[in-house]
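Peer 1: Please see the structure below; I have some questions.
Residue numbers (mature numbering (1 follows the signal peptide of the UniProt record, and there is no 0)): -26 to -1, 1 to 358.
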């Protein structure tokens, strides 16, 4: 199904570009703040493809003969991202950015590194002990490459476009979301802001630096979660458009009602990959056109997983030690706490459990071996 979507998107985009070159485009393509039946786009324009990779992030940017990729979706999406890049005629990438080491952002990055000529690879200065992260490191090693950690204030060119790094401003310990590489992409008068999964703390640090983060298009932080896109941050960005990359029916409930309400109250026209598939923006340096009309449902995600059984499961840990549960004294029941954001499972007493976002935390009574077979990794600190 994913390959079919990629092929259909490629054909659709080809028709769109062909129409643009003849001076026309479909009526649902938006130019500036008005619905336009006609747009003029030069071959030197910039395209930004917010690729539908389910619950994850992957963005392709094309500026003339130059291209860059920001994130590559989860582990299962590497081949899909490769197919999409192939459909766009990509053979080399000037830059590849893994915003932070979470699996839904760098899971497919090893495939990209193996299959494409990647000139520069950027990742933040934080490591992870997950297999996903190790796969990316092994891919880099096989190509005799190393990832660089860009610094805020550094500016890089991409054809006639450029991007300036704005984050991470500092170190954030084990909070991998806040380590996200953030950047402002500029082409002519148009600006696009990317912040990975940055949450409120990182957003506040970006604001404190005083950088110009105003943008026409805001790639919503953390898949539209309520942990990001805080009011002060949105005030400074003041975007006309927002793009939310998330999976249909995802277990986290992304995007949150709070974020959607903030966007809607500010008049921010919003696109969503869960409802609309791959979203493509085209900039001619002054106007921005899209391959779809903004989403008008404003319906928040519905979480498919639940941590509501956390308290009851925690209480069950002590069963078999005394009282009416004496029949189970020979074997203590153990529950594990899964962090769906990192793909690790922990003992409930682990210090990392206290640091988890509620939306990422799931308690499971499955055995250790079962969780490992399902692809989860045991925490190396609490050693469950």
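Glycine included, each C-beta is placed from N, C-alpha and C at the ideal position.
At the level of alpha carbons, what is the spacing between residue 207 and residue 177?
Peer 2: 6 Å
Peer 1: If you count every other CB in all the chains shown that lies within 10 Å of the CB of residue 74, and 16 or more means buried, which is it?
Peer 2: buried
Peer 1: If you draw a straight line from the C-alpha of residue 120 to the C-alpha of residue 140, how long is it?
Peer 2: 21 Å
Peer 1: Between which two residues does the alpha helix (DSSP H) harbouring residue 190 extend?
Peer 2: Premise fails: residue 190 is in no alpha helix (DSSP H) and is neither H nor E.
Peer 1: In chain order, what residues of the same chain lie with their CB nearer than 8 Å to the CB of residue 353, ignoring the 5 residues before and after it?
Peer 2: 318, 319, 320, 321, 324, 326
Peer 1: So what does DSSP say about residue 97, is it helix, strand or coil?
Peer 2: Reduced to three states, the DSSP call for residue 97 is coil.
Peer 1: List the residues that DSSP assigns as beta-bridge partners of residue 164.
Peer 2: 161
Peer 1: Between residue 241 and residue 142, what straight-line distance do the alpha-carbon atoms span, to the nearest angstrom?
Peer 2: 28 Å
Peer 1: Which residues bound the alpha helix (DSSP H) around residue 261?
Peer 2: Premise fails: residue 261 is in no alpha helix (DSSP H) and is neither H nor E.
Peer 1: So, is residue 219 buried or exposed, given that buried needs 16 or more other C-beta atoms within 10 angstroms?
Peer 2: Buried, by the Cβ-count rule.
Peer 1: Just tell me which of 216, 358, 78, 44 has its CA closest to the CA of residue 312.
Peer 2: 358
Peer 1: Since I believe residue 49 is in contact with residue 106 (beta carbons under 8 Å), could you give me their beta-carbon distance rounded to a whole number of angstroms?
Peer 2: Your pair residue 106 and residue 49 checks out as a contact, with CB atoms roughly 6 Å apart and the cut at 8 Å.
Peer 1: Which runs of the beta strand (DSSP E), 3 residues or longer, sit entirely within the stretch 53 to 121?
Peer 2: 66 to 71, 91 to 96
Peer 1: Rounded to whole angstroms, how far is the Cβ of residue 259 from the Cβ of residue 333, which I believe are closer than 8 Å?
Peer 2: Not a contact, Cβ separation roughly 39 Å.
Peer 1: Could you pull the start and end residues of the alpha helix (DSSP H) that residue 180 belongs to?
Peer 2: Segment 174 to 183, the alpha helix (DSSP H) holding residue 180.
Peer 1: Where do the N-terminal and C-terminal ends of the alpha helix (DSSP H) with residue 238 fall, by residue?
Peer 2: 231 to 239
Peer 1: Who are the Cβ neighbours of residue 18 in its own chain at under 7 Å, not counting the five residues just before and after it?
Peer 2: Here the set comprises 38, 134.
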